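Inspection log for the structure reproduced underneath, given as structure tokens.
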Amino acid sequence: MGTAWTVAIAFAFPGTRHHFSFQATNGGATTLQGTSRKKAYGPESVRYGFAFVAPLGTASQWSRIFRRAGAEPAAVAVEADSGRVRVNIKDLAFSPATLRIKVGQTVEWVNGDPLAHTVTADDKSWGSAFLNQGGGYVRRFTAVGSFPYHCEPHPQMQATVIVEP
């Protein structure tokens, strides 16, 4: 009877809470793999197993996906002299989802989520790189118009900047 051993290695996917792990053991049959071989206890040949973990998120993240129509907060108007305006990225959403500003104002997006996000114009004319938690992106709007944008890895995250004269 030899020495029992177990080895494992885990890989994290950058910018997400997902990870993949691989395990190998020659230990007792107290694992799922050992149980499937119908052996109760004792050493046996090497068994392998793997796991892929994809967290499903929090209740507040899911509630945003399944919210009723009309539950969207009203557009936020910002005074022209207030300078830089912040959009928070939190719980897989941009807040506010509709932002009204004046020509020449600057918008700053700040990621408060543990997931990486982007700020990408729907027409792809402007956008950020991946923003990790605490990261930000700044853009000055110099033309009147409506500028819809989204998050590339999370397309359900959509919002609009409305620039007025």
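Its first residue numbered 125, the sequence shown is counted upward by one per residue in the working numbering.
We put the beta carbon where it would ideally sit given N, CA and C, even for glycine.
In this text the structure is predicted, and so the values were computed from the model without any measurement.
| Check | Outcome |
| --- | --- |
| Can you give me the C-alpha to C-alpha distance between F265 and F137, rounded to a whole angstrom? | 34 Å |
| Taking just the CA atoms, how far does S270 sit from I213? | 20 Å |
| May I ask you to report which of helix, strand or coil DSSP gives W250? | coil |
| Helix, strand or coil for R208? Go by DSSP, reduced to three states. | coil |
| DSSP beta-bridge partners for Q282? | H274 |
| Taking Cβ to Cβ, would you say G260 is nearer than 8 Å to W233? | yes |
| Between which two residues does the beta strand (DSSP E) carrying T242 extend? | Neither: T242 is in no beta strand (DSSP E) and is coded neither H nor E. |
| Can you tell me which residues form a DSSP beta bridge with T230? | R264 |
| Just to confirm, is the Cβ distance from V209 to V227 under 8 Å? | no |
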